[in-house]
Structures are given as C-alpha cells and as structure tokens.
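This report concerns only the one structure given below.
This is the structure in structure tokens:
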C-alpha cells in the first residue's frame, strides 16, 4: 500500500496500488479534543503515527482521504471559536475544492468532531458557492463516535480530573469551549434541530457509536446514550465496549470492537458506491435515481447457483442422527428461568440474546438442543406456548465425526446464510447489490468466510423488526480459535440486529471446557439442574427392566447417584443391567452395578475388556469406523471386517455366504459391544463423540498393546491390508 505523508499537517493519503484512477469515495476523519487528537480509529500501540488503520482502506477500489481537524483544547489559555475555525479549514485546502458531482464523502467523527461535521454540512447546505455546496450534496454517510449531540457535561470530567493537572503547569481551562458543550447550550440545540431535516432530505447513512463503559472517577459515562444519538429514522446506534476516550482505540484487526467499526464502514462504503454509480447511471439513462439504486432482483439461475454453492453433503446429518428425546423429558428447559429471561425482549440488554447450555461429555446436550430446535420450530408435538414468538429458527450442529465442513465455522456460516435466505426471502436483494459477478459466488460462498460473514451481517438491515433464533450445538467439536472468532462475530451480529430493531437470539451447547467467555449472556449448567436429574429418573423408570420391589428401587437410586448427570452413562448401564436380568441373574444386579465405574471412560474400558471372544473383530470394526475415509454402510462394514479376519483367503465369497442388511446390522451392533449405531442415512457411526475420544486416547492401545501415538498409523496399515 502506497502512503503519501504531508509534514505540514496530519493529513494522509492512502491509495491502493494500481487503483489510483478509480477514486470513488472520500473518508474524512475528525477528532477535536486534545485527549483524542491523532487517535481517531487508531490501533495501539502506534496511536499517533497511524490515525487510521490500513485495514479500513482495503476496499476493492477506494481512495481514502483522512483529515484531522485542528484540536481545540478545553485547557488552552487562548480563546478560540470552535465551529467557524474548522468550517473554514475544511474547504480551504486545494484537495477539498471539489468539482460538483465528485466522489461521495463518508465522515468519521469522534466526540466534538461530530459537532464540527454537522456545522460544516449545515453551512455547506446553505452555501451559494458550488464547490462548497457540493460537500453536502456529495456526503453519503456519517459515523459518529460519542458525539454529544444533546450536549455533554464534561465540566465534571475536566474540573475533577484534568483541571488540577492543567493548572499545575500554569494553564487555564477554556470556559468558552466547555460552556458550548453543556446540555443547556442553545447552539447545540439549534444545530440539532437544523441538522435533522437536512439529513432526512439528503437520506444520509448515519451510524452513532455510543460508549458502553463509564469513567470510574465520574461514576458514569462522559456522554450518556440519550445525548450521543440523533434519534433519526436513518440512524443506526451501536455500543462500543470502551469509555469515551478509548472508543476509537483498538488492539488490532481481531479486536471485536474494531470489527464492529470495520463492518459498518464496509457496509456504508458499499452503499455509498452503489448510490454513486446509480446516480451516474441515472444521468446517462435519464431514469430517476431511485430506480437505479434499488437493484433488480436476481434471476432464478443465479439463485440456484448460490444455493448450490452454500449447500454441502451432510449439512443437517448430525441434527437428524441425534436420537429424539425420551417422552416426558427435556420439557423443563424452556421453562427454566434463564431460558425465560433469554426470550424476554425487555431483558435483551442484560444478555444480548445469548443462552449457553453447558454440561459434561455425554450429558445429553445434543438431545436437548434437538428438542429445543424442534419445539421452537413448532414441529414438536407438544404446545409451543411463547416459543412461537420468533419468526425464524435456524440451527447448526457441529460434528467432529463428520466432514471438514461439518466441524468448521465456514460450514456453519454457509448453513446459516442458506437458512436466512429461506426464512427471509428479502435477503436475496443483498446479492443484487453485491459488486461481485454471479460467477464469483460459486467460489466466494464456498471458500470465503469473511464474505459469508459480510452478507449475514448485511441481512440485519433487511430484516428490521423481525426475530430469529440460531441454535448451535457441539462448540467443543470445532476448533477453539474458530469458535472464539465465531462468538465475537455473533456478538457483533446481535448488536447490529438490535440497532436495526431486529432481534437475533443465539443458543449454544458445549462442554465446560475449553472456557470461552461471553460479553453478556445466560448460562445453564446441566450438572446441577433438578430438571435434568428428573429426566434421567424418567428414562430409567421406563427403560430398566428389572421388575418391581425393593431391589428395583435400590438399583434406581444407585444409578441416579452414580450417573453424575451423564445420560450416556445411564443408557449404557441400563443396557448392561437389562442383559443381566434377561439371563435370570436378578441377585447379581446390585453387584454388577456396584462394580461399574461412575466415570464414562472407565465404563468404556470395562465394556471393551469384558470378554476376549470376538476381540479381533471388535478392533477391526472400531478401526474402520474411526479411520475410514468415508462412513460405511452396514453391508460395507460387514464385508470389510470379514476381509480383515480372513487373511489368505483368495476370494471374499469364500468367507461367508451372502448376507442381508439386517444380518449385517445385528452383527455390527454385537461385535462393537454396543458402541456403534446405524444412522438414518444407513451408515455406521460411534454412539457418541466421547467413545471416539476414548478409543483414540487409550481404548485401541489397550486392545492392541500398542502406544496410542502409533494407533493411527497402525490402523491405516491394517485397513490397507484388508483392501488388498
């Protein structure tokens, strides 16, 4: 990126190489108060040297002009006229003397800089000089950071904190400037009243970022929310998790707060460019601008191309393969206090629309998430009640046992965007205004996570006043860094939706670890929930076939005590006890239960080591399930196992007679010791991700007397021999 620096002032030009002839927009940045000078939209630690990060200039073909107005220090001993000085400064430079119909302008202003911007535009609007009038006419949008539109009260801040420091060096606070900022300032009121109709007439894009953190010594914010917005129909409001002084300062491109700003400026830049091109087209064709700005709907072939690009195999497989909840279970969760708060619009500011369900491996989180998804969609037989309030319900279930897309956030974003388009057809118009050609979508939507996020974020402007819920299960089955970035993006998405009078709610489910924090949200921990324990009791009562009486009651109590809230442990133990009971060994049931370990991995160890008969077949079965390139059907797995057990047999037909699918299924369930299952897609998988973790970590090592580090290589070698 080429950079031209001018030593005589703080102006910088940033020009994308090879794009100098395509200068389509201007960004003018203002920062007035001394504490904010040279820090507008800055990235630490090089605050003073680079007032605006290069990242904000990385658009397809922009020419970005950054200007910092002279600082009017509230501590200066010299009297200054705040408004007129900066108004005269802006158009006095040669670069600012614009030809009518020039590039669109985007203003970025922090604190008092916003007052200067409004005064500049007000005077430009009333000017008779064409090059000055064109400043107003060419303005496409304004981004305010903590601007005191209704007046701030920095007297507390200045006099209680800064005055002592300033006077220590012999300076005197500038009361004229301070007084102009007080809520009683008549000039601010006049400017606010005069600016509103101009903004409405010009239909400017206006973004007001508001400080979310107060100053400790003040006991509150420098500019309260009621003052830091214009309350105009075209205005979008959003909080920045900083105090007034630091709300334009970021740690880097991955900073969540920076990403908010970047997303807004990208969106405003794209819309400004589209409007500019539409205006040019209008001048050439004679059509009204409104007809050219409203992009035509995309055609059916492009829609089909986009759907194809977003869709991938097994996108919903994990959701469909989760066993449905047992009757009369899971209903406690929608009535839980945390869930009710999550659904309460009046409490949105407390949790930002986030609910997180956490539990141990095998606790039944995925079953709960499937239940919630179906109930919110209205497909659950029982009455939905208040859950029907949301207009769209979307879901994505991460699957570590699935394809790369099933266990990555790019797969998540593709799925969510496709569901957004299905639930809110108006969102298709995002593509009609996209600068990319139709043929680009096939690559971008398959591979570009940032492009997917930009489109999802843009949807918040279209679904104003609507509601949506996104259920995301198995966060622990996705890469941790990807999950952290995903949560940061969803926090931005939630804020953007709120700013556009829409509501996005998110429900996550994961294990307790790794620990990932939410800025705000409600959390439900299954370990200590009475409703979850009651669900386990309901399941055991209905599935444990050990008769009635004191022995059965004692067994039930012992199962509940040892389960520690892990549903998978209960399912396996009930299966073991039922098998014992069917063999007529009622007296041995309690001894068997007492011998079973409460730890899930210890239970897996007992299951695979309980008997040596069929050990080689079990090892082969588990190796094929874990290490095959793609999932196998029951018949495929049956013959794969037989091939491995029949080394030296020249023809597989000699191994056994041809078997049917039912025989193959029974064989696999038996040889896997119940650790494998057949999905609705008629493929074989392990009953739970925790089984795979156990086998990789120690299970196969225990069965083959090989170190765990050698298991993958040895397993692939064994499978290769089976195929020869």
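In UniProt numbering, the protein residues as written are 1 to 724. Positions of the beta carbon are idealized from the N, C-alpha and C atoms, including for glycine.
Beta-carbon spacing of residue 418, residue 427 below 8 Å: Start at 1 with the first residue of the chain shown, and residue 418 comes out as number 418. Start at 1 with the first residue of the chain shown, and residue 427 comes out as number 427. In this structure, residue 427 does not lie closer than 8 Å to residue 418 by Cβ.
Distance check for residue 609 and residue 723, CA to CA, integer angstroms please. Start at 1 with the first residue of the chain shown, and residue 723 comes out as number 723. Start at 1 with the first residue of the chain shown, and residue 609 comes out as number 609. Straight-line Cα distance between these residues: approximately 28 Å.
Below 8 Å between beta carbons: does that hold for residue 348 and residue 236? For the purposes of this step, residue 348 is taken as residue 348 along the chain shown, with counting starting at 1. For the purposes of this step, residue 236 is taken as residue 236 along the chain shown, with counting starting at 1. Going by C-beta atoms, residue 348 is not nearer than 8 Å to residue 236.
Terminal residues of the alpha helix (DSSP H) in which residue 670 lies: Looking up residue 670 in the chain shown gives position 670. Unbroken alpha helix (DSSP H) run through residue 670: 661-671.
Work out the CA separation of residue 566 and residue 204 for me, nearest whole Å. Mapped onto the chain shown, residue 204 falls at position 204. Mapped onto the chain shown, residue 566 falls at position 566. The straight-line gap separating the alpha-carbon atoms of residue 204 and residue 566 is approximately 56 Å.
Helix, strand or coil: which one does DSSP assign to residue 260? For this step, residue 260 is matched to residue 260 along the chain shown. It is helical.
For residue 527 versus residue 360, is the C-beta spacing smaller than 8 Å? As a first step, residue 527 is located in the chain shown; it is residue number 527 there, counting from the start. As a first step, residue 360 is located in the chain shown; it is residue number 360 there, counting from the start. A contact, by the Cβ cut-off of 8 Å.
Can you grab the Cα-Cα spacing for the pair residue 605 / residue 699, in whole Å? Here residue 605 corresponds to residue number 605 of the chain shown, with the count starting at 1. Here residue 699 corresponds to residue number 699 of the chain shown, with the count starting at 1. The alpha-carbon atoms of residue 605 and residue 699 are separated by roughly 7 Å.
For residue 692 and residue 601, I'd like the C-alpha separation in whole angstroms. In the chain shown, residue 692 corresponds to position 692, counting from 1. In the chain shown, residue 601 corresponds to position 601, counting from 1. Distance between the alpha carbons of residue 692 and residue 601 is about 10 Å.
Local Cβ density within 10 Å of residue 141, reported as buried at 16 or more and exposed below that: By 1-based counting over the chain shown, the position of residue 141 is 141. When all chains shown are included, residue 141 counts as buried.
Would you kindly work out how many angstroms separate the C-alpha atoms of residue 644 and residue 638, rounded to a whole number? Reading the chain shown from its first residue, position 644 is the one you call residue 644. Reading the chain shown from its first residue, position 638 is the one you call residue 638. In a straight line, the C-alpha of residue 644 is about 10 Å away from that of residue 638.
Any chance you could list the beta strand (DSSP E) runs of at least 3 consecutive residues sitting entirely within the stretch 328-370, in chain order? 354-358
DSSP on residue 424, reduced to helix/strand/coil? Counting from 1 along the chain shown, the entry for residue 424 is found at position 424. Coil at residue 424, not helix or strand.
Quick check on residue 583: buried or exposed, where buried means 16 or more other Cβ atoms within 10 Å of its Cβ? Reading the chain shown from its first residue, position 583 is the one you call residue 583. So residue 583 ends up on the exposed side.
What does the Cβ neighbour count give for residue 630, buried or exposed, with the cut at 16 atoms within 10 Å? Counting from 1 along the chain shown, the entry for residue 630 is found at position 630. Answer is exposed; the Cβ neighbour count stays below 16.
Please report the distance separating the alpha-carbon of residue 477 from that of residue 549. Working through the chain shown from its first residue, we reach residue 477 at position 477. Working through the chain shown from its first residue, we reach residue 549 at position 549. The alpha-carbon atoms of residue 477 and residue 549 are separated by roughly 43 Å.
Taking the alpha-carbon of residue 376 as reference, which of 716, 469, 207 and 475 has the nearest alpha-carbon? Position 376 of the chain shown, counting from 1, holds the residue named residue 376. Taking only the C-alpha atoms, the option nearest residue 376 is 469.
In the DSSP output, which residue or residues are listed as bridge partners for residue 266? Counted from its first residue, the chain shown places residue 266 at position 266. Residue 266 is not bridged to any residue.
For residue 212, name the three-state secondary structure that DSSP assigns. As a first step, residue 212 must be located in the chain shown, where it is residue number 212. Here residue 212 sits in coil by DSSP.
With 16 as the cutoff for other CB atoms within 10 Å, does residue 681 come out buried or exposed? Against the chain shown, residue 681 aligns to sequence position 681. Under this definition residue 681 is an exposed residue.
As a quick exercise: from 272, 713 and 238, pick the residue whose alpha carbon is nearest that of residue 256. Working through the chain shown from its first residue, we reach residue 256 at position 256. The residue from 272, 713 and 238 with its alpha-carbon nearest to that of residue 256 is 238.
Meets three-Cβ-pair contact criterion under 8 Å: the stretch 311-327 and the stretch 662-676: no
Cβ shell of residue 483 (< 7 Å), same chain only, five flanking positions each side left out: Along the chain shown, read from residue 1 onward, the residue named residue 483 stands at position 483. Taken in chain order, the residues that qualify are 475 and 516.
Flag this pair as yes or no: are the beta carbons of residue 545 and residue 581 separated by less than 8 Å? Translated into positions along the chain shown, residue 545 becomes position 545. Translated into positions along the chain shown, residue 581 becomes position 581. Between residue 545 and residue 581, the C-beta spacing is below 8 Å.
Would you kindly work out how many angstroms separate the C-alpha atoms of residue 533 and residue 572, rounded to a whole number? To locate residue 533, count along the chain shown from 1; it is residue 533. To locate residue 572, count along the chain shown from 1; it is residue 572. Taking the straight line from one Cα to the other gives about 17 Å.
Could you say which of 312, 355 and 369 lies nearest to residue 324 if we only look at CA atoms? Within the chain shown, residue 324 is the residue found at index 324, counting from 1. Closest by alpha carbon: 369.
Local Cβ density within 10 Å of residue 321, reported as buried at 16 or more and exposed below that: For this step, residue 321 is matched to residue 321 along the chain shown. Buried, because 16 or more other Cβ atoms sit within 10 Å of the Cβ of residue 321.
In angstroms with no decimal places, state the Cα-to-Cα distance between residue 227 and residue 243. Position 227 of the chain shown holds residue 227. Position 243 of the chain shown holds residue 243. Approximately 15 Å between the Cα atoms of the pair.
Residues near residue 430 by beta carbon distance below 8 Å, same chain, minus five either side: Residue numbering aside, residue 430 sits at position 430 when the chain shown is read from its first letter. Closer than 8 Å at the Cβ level, and outside the excluded window around residue 430, lie 455, 458, 459 and 462.
Since residue 524 sits in a beta bridge, which residues does DSSP pair it with? As a position in the chain shown, residue 524 is number 524, starting the count at 1. In DSSP, residue 524 forms a bridge with 357.
Ends of the alpha helix (DSSP H) at residue 642? Taking the chain shown and counting its residues from 1, the one referred to as residue 642 is at position 642. Counting along the chain, the alpha helix (DSSP H) containing residue 642 begins and ends at 634-645.
Selection from 345, 449 and 114 that minimises the alpha carbon distance to residue 466: In the chain shown, residue 466 corresponds to position 466, counting from 1. Minimum Cα distance to residue 466 is reached at 345.
Given residue 125 as reference, the closest of 199, 714 and 304 once Cα atoms are compared: For the purposes of this step, residue 125 is identified with residue 125 of the chain shown, where counting begins at 1. Ranking 199, 714 and 304 by Cα distance to residue 125 puts 199 first.
Classify residue 524: buried if its beta carbon has 16 or more other beta carbons within 10 angstroms, exposed otherwise. The residue given as residue 524 occupies position 524 in the chain shown. Classification of residue 524: buried, given that the 10 Å Cβ count is 16 or more.
Cα-Cα separation between residue 308 and residue 260, rounded to whole angstroms: Stepping through the chain shown from its first residue, residue 308 is reached at position 308. Stepping through the chain shown from its first residue, residue 260 is reached at position 260. Those two C-alpha atoms are separated by around 30 Å.
For residue 559 versus residue 508, is the C-beta spacing smaller than 8 Å? Counted from its first residue, the chain shown places residue 559 at position 559. Counted from its first residue, the chain shown places residue 508 at position 508. Taking 8 Å as the Cβ cut-off, residue 559 and residue 508 do not qualify as a contacting pair.
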